[in-house]
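Novice: Sharing a structure with you now.
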Amino acid sequence: MNSLSSSMFPFLFLFLFSFSWVASADRHEDFLQCLHYQNSNAISKVVYTPINSSYSSVLQFSIRNGRFNTSATPKPLVIVTPLNVAHIQATVACSQKHGLQIRVRSGGHDYEGLSYVAVIPFVVVDLINMRTVTVDVGNKIAWVQAGATLGEVYYRIAEKSRTLAFPAGVCPTVGSGGHISGGGHGMMMRKYGLAADHIIDAKLIDVKGRILDRASMGEDLFWAIRGGGGNTFGVVVEWKLELVTVPPTVTVFNVTRTLEQNATKLVHQWQSAIGKFDEDLFSRIFLSRVNTSLEGKTTILAVYTSLFLGGVDRLLSMMQQSFPQLGLVKEDCIEMSWIESTVYFAQFPRNTSLDVLLDRSPGYTVSFKAKTDYVKEPLPEIALEGIWERLNQLDAEVAQLQFTAYGGKMDEISETSIPFPHRAGNLFQIHYGVFWGDQDSERSQIYTSWIRKLYSYMTPYVTKNPRQAYINYRDLDLGMNSLGNTSYKQARIWGTKYFKNNFDRLVHVKTKVDPANFFRNEQSIPPLTSW
């Protein structure tokens, strides 16, 4: 986007939004009447409009990025918090009838706010009330409603068994609906792959309002919803999870090293050690600029974070063979149960009650911008030093990079088995993040510009043709659909970065199940009819 078009975008955005909002006033009332006609079964108790006193609190409760919680952020005409499938079916039918777009929110963690923001008149279906988790220990399965958070899923599994688990993400307030729709990587992916690799059935409401399971939706659609991104093919209301086994005792550690403790060389050596790691070991490095004990002095801190599916003695032996340079010792390690590790890695204090996993409240919400990359060849030390230079351009603890090791089971699963394509050949994923605690537009511009420049700097060192990215860490800088009909050519710009060659198959599925492109957002798969 050139400087002229970039400067014009906010005014065009506001004009289009204001025009469409005024034009939607009548549709809003017609939509509400339609809802009551379609389903009078207590639906009025779960419908919120801006005139309701609880509208703002319902909307804001699951907003996880302060960038999209400002007075200028477009708001939904209506929020529906369904209690059952019939409420969703009515919302889908009435939205189509009256020309309103639907955004579906399960946990509110979409990085670009697309589960609760749109620039044309829209309705939010907030699945917060649909979060039942039913665990069958004997068959090692669980049915999970899409509004359940990962914390709720983990807690309910652990209620029934301490040696069963599910391989999904770290943050306990992330919604299972969106997380699994994008693939869902987590701290057991080197052992078991992604969350979506362990989905064996699902229930989805399609554009016609039908409730489909795996058998009735067919294998193409079932393939697409396990990693093809949310709000594209319908409303997933429930997942059937294949649970995995974990040992009674796992081991965790967080080991810190600064530049003065040889952090640059250790990060460089870590890259070469990944291929030697046992698949029972998850490994991630957090990189940030921090203050030191000396006044006015800062340094770069590397935090080596790991979950090992086993006891400390086996871990130490394995680390001595694969990455002795880290100097891991027994005192660095803590043995605990797997469910306790989910609380530990969510950064709660030791001995925090497991009940914290059931807490959906967001706490303090920050504003942030994030981007991702994939790395196939080790970064040279000069590239790492360039990262340190750029981290030093900001105040301490404002920005953070995460290097997440791939390999293990991830190398064994075909890149076409589900839409998530980032498998064999990827050493690690980079997550870039910059955070600020207010809604200051000037600060937002400064930090967003900084992370884009860092991303540009990394171009020679990461994947190419396409430069790959992870759909669950959504980034609208990669490209956006138009406000009208999105062309295949336009969507392919960002689509191949998330999905590589799987993009074309996703387009064919979309064409078959939603040719009119009712379920859509700024980065949803388009049908071929919108060439």
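Position one of the sequence shown corresponds to residue -19 (the working numbering), numbered consecutively onward. All C-beta atoms, glycine included, are put in the ideal place defined by N, C-alpha and C.
1. Can you name, in chain order, every residue of its own chain whose Cβ lies under 6 angstroms from the Cβ of Ala128, other than the five neighbours on each side?
2. Looking at C-beta atoms only, is the number of pairs between the stretch 68 to 83 and the stretch 186 to 193 that lie closer than 8 angstroms three or more?
3. Pull up the CB-CB distance for Ser252 and Val216, whole angstroms please, since I reckon it's below 8 angstroms.
4. Using C-beta distances below 7 angstroms, list every residue in its chain close to Arg432, excluding the 5 sequence neighbours before and after it, in chain order.
5. What does the alpha-carbon distance come out to for the pair Asn372 and Leu381?
6. May I have the straight-line CA-CA distance separating Phe348 from Val97, to the nearest angstrom?
7. Leu39 by DSSP, collapsed to three states: which one?
8. Which of helix, strand or coil does DSSP assign to Lys25?
9. Count the CB pairs spanning the stretch 192 to 201 and the stretch 485 to 498 that are closer than 8 angstroms, and state whether there are at least three.
10. Can at least three beta-carbon pairs, one atom from the stretch 339 to 353 and one from the stretch 390 to 407, be found at a separation below 8 angstroms?
11. In the DSSP assignment, what are the bridge partners of Trp368?
12. Kindly provide the ranges of any alpha helix (DSSP H) runs that are 4 or more residues long and lie completely inside the stretch 451 to 503, ordered along the chain.
13. Should Pro399 go down as buried or exposed, given a rule of 16 or more other Cβ atoms within 10 Å for buried?
14. Below 6 angstroms CB to CB, which residues in the same chain sit around Val285 once its five sequence neighbours on both sides are set aside?
15. Pull up the DSSP beta-bridge partners for Gly388, would you.
16. Are Val283 and Ala376 close, meaning C-beta to C-beta below 8 angstroms?
17. Could you check what DSSP says for Gln81 in three-state terms: helix, strand or coil?
18. Look at the Cβ atom of Val103, then the Cβ atom of Pro62, and state whether they are nearer than 8 angstroms.
19. Report the rounded CA-to-CA distance for Val65 versus Leu184, giving the unit in angstroms.
20. Which of the three DSSP states, helix, strand or coil, is assigned to Phe(-7)?
21. Among Asn45, Glu9 and Tyr35, whose alpha-carbon lies nearest the alpha-carbon of Trp416?
22. Using a Cβ-Cβ cutoff of less than 7 angstroms, which residues in the same chain neighbour Asp10 once the five nearest sequence positions on both sides are dropped?
23. In the DSSP output, which residue or residues are listed as bridge partners for Asp106?
24. Excluding the 5 residues preceding and the 5 following Phe(-1) in the sequence, name in chain order all residues of the same chain whose CB lies nearer than 6 angstroms to its CB.
25. Checking 8 angstroms against the spacing of the C-beta atoms, do Leu308 and Leu296 come in under that value?
26. Answer yes if the stretch 460 to 472 comes into contact with the stretch 359 to 370, meaning at least three C-beta pairs across the two stretches below 8 angstroms, and no otherwise.
27. Helix, strand or coil for Gln373 per DSSP?
28. Taking Cβ positions, are Val154 and Gly214 nearer each other than 8 angstroms?
29. In whole angstroms, what is the alpha-carbon distance linking Phe325 and Val150?
30. What's the C-alpha gap between Phe483 and Gln241?
31. Using DSSP bridges, identify the partner residues of Arg447.
32. Measuring CB to CB, does Ile505 end up less than 8 angstroms from Gly459?
33. Quick check: the Cα distance between Thr236 and Asn211, rounded to an integer number of angstroms?
34. Please state the DSSP three-state secondary structure of Ile31.
35. Check for me: the alpha helix (DSSP H) holding Ala253 runs from which residue to which?
36. Just tell me which of His8, Tyr17, Tyr386 and Gly208 has its CA closest to the CA of Asp260.
Specialist: This is what the structure gives:
1. As a working mapping, residue 128 is identified with position 148 in the sequence shown. Same-chain partners within the cutoff: Arg111, Val113 and Ser156.
2. yes
3. Against the sequence shown, residue 252 aligns to sequence position 272. Against the sequence shown, residue 216 aligns to sequence position 236. The Cβ separation is near 40 angstroms, so there is no contact.
4. On the sequence shown, residue 432 is found 452 positions in, with the first residue counted as 1. Within the same chain, Asp457 come within 7 angstroms of Arg432 by CB-CB distance, once the 5 residues on both sides are set aside.
5. Here residue 372 is taken as the residue at index 392 of the sequence shown, counted from 1. Here residue 381 is taken as the residue at index 401 of the sequence shown, counted from 1. Their backbone Cα atoms lie some 13 angstroms apart in a straight line.
6. Residue mapping note: residue 348 aligns to position 368 of the sequence shown, counting from 1. Residue mapping note: residue 97 aligns to position 117 of the sequence shown, counting from 1. Phe348 and Val97: Cα-Cα distance of roughly 16 angstroms.
7. What you label residue 39 is simply residue 59 of the sequence shown in a count that begins at 1. Helix.
8. Numbered from its first residue, the sequence shown carries residue 25 at position 45. Note: Lys25 maps to helix in three-state DSSP.
9. yes
10. no
11. For the purposes of this step, residue 368 is taken as the residue at position 388 of the sequence shown. Partner(s): none; Trp368 has no beta bridge.
12. For the alpha helix (DSSP H) assignment, the uninterrupted runs of no fewer than 4 residues enclosed by the stretch 451 to 503 are, from N- to C-terminal side, 468 to 479 and 482 to 493.
13. Sequence index remark: in the sequence shown, residue 399 carries index 419 (1-based). Its Cβ being crowded by 16 or more others within 10 Å, Pro399 is buried.
14. Translated into positions along the sequence shown, residue 285 becomes position 305. The sequence shown places Thr at residue 285, rather than the Val named in the question. Within the same chain, Thr285 has close Cβ partners Asn234 and Arg264.
15. The residue you call residue 388 lines up with position 408 of the sequence shown. DSSP lists no partner for Gly388.
16. Here residue 283 refers to the residue found at position 303 when the sequence shown is read from its first residue. Here residue 376 refers to the residue found at position 396 when the sequence shown is read from its first residue. The answer is no: Cβ separation not under 8 angstroms.
17. Along the sequence shown, read from residue 1 onward, the residue named residue 81 stands at position 101. Collapsing the DSSP output to three states places Gln81 in a strand.
18. Looking up residue 103 in the sequence shown gives position 123. Looking up residue 62 in the sequence shown gives position 82. The answer is no: Cβ separation not under 8 angstroms.
19. Here the question's residue 65 lines up with position 85 in the sequence shown. Here the question's residue 184 lines up with position 204 in the sequence shown. Within the model, the alpha-carbon separation for Val65 versus Leu184 is close to 10 angstroms.
20. Residue mapping note: residue -7 aligns to position 13 of the sequence shown, counting from 1. Because the pLDDT of Phe(-7) is 44, which lies under 50, any placement of that residue in the model is unreliable, and the number read from its coordinates should be weighed accordingly. Residue state, collapsed to three classes: helix.
21. Translated into the one-based positions of the sequence shown, residue 416 becomes position 436. Of the candidates Asn45, Glu9 and Tyr35, the one whose C-alpha sits nearest the C-alpha of Trp416 is Asn45.
22. Locating residue 10 in the sequence shown gives position 30, where the first residue counts as 1. Result list for Asp10: His78, in chain order.
23. The residue labelled residue 106 in the question sits at position 126 within the sequence shown. Asp106 is bridged to Arg85.
24. Taking the sequence shown and counting its residues from 1, the one referred to as residue -1 is at position 19. The pLDDT assigned to Phe(-1) is 46, lower than 50, so where the model puts this residue is not dependable, and the model offers no usable value.
25. Within the sequence shown, numbered from 1, the residue matching residue 308 stands at position 328. Within the sequence shown, numbered from 1, the residue matching residue 296 stands at position 316. In this structure, Leu296 lies closer than 8 angstroms to Leu308 by Cβ.
26. no
27. For the purposes of this step, residue 373 is identified with residue 393 of the sequence shown, where counting begins at 1. Coil, per DSSP.
28. Taking the sequence shown and counting its residues from 1, one reaches residue 154 at position 174. Taking the sequence shown and counting its residues from 1, one reaches residue 214 at position 234. No, they are not a contact pair.
29. Looking up residue 325 in the sequence shown gives position 345. Looking up residue 150 in the sequence shown gives position 170. Their Cα atoms are separated by approximately 7 angstroms.
30. Numbered from 1 along the sequence shown, position 503 holds the residue referred to as residue 483. Numbered from 1 along the sequence shown, position 261 holds the residue referred to as residue 241. Their backbone Cα atoms lie some 44 angstroms apart in a straight line.
31. On the sequence shown, position 467 is the one that residue 447 refers to. None, per the DSSP bridge assignment.
32. As a working mapping, residue 505 is identified with position 525 in the sequence shown. As a working mapping, residue 459 is identified with position 479 in the sequence shown. No. Outside cutoff.
33. Against the sequence shown, residue 236 aligns to sequence position 256. Against the sequence shown, residue 211 aligns to sequence position 231. Taking the straight line from one Cα to the other gives about 40 angstroms.
34. By one-based count along the sequence shown, residue 31 stands at place 51. Of the three classes helix, strand and coil, the one that applies to Ile31 here is coil, per DSSP.
35. Walking along the sequence shown from the start, residue 253 turns up at place 273. Start and end: Ala243 to Ala253.
36. For the purposes of this step, residue 260 is taken as the residue at position 280 of the sequence shown. Per the Cα distances, Tyr386.
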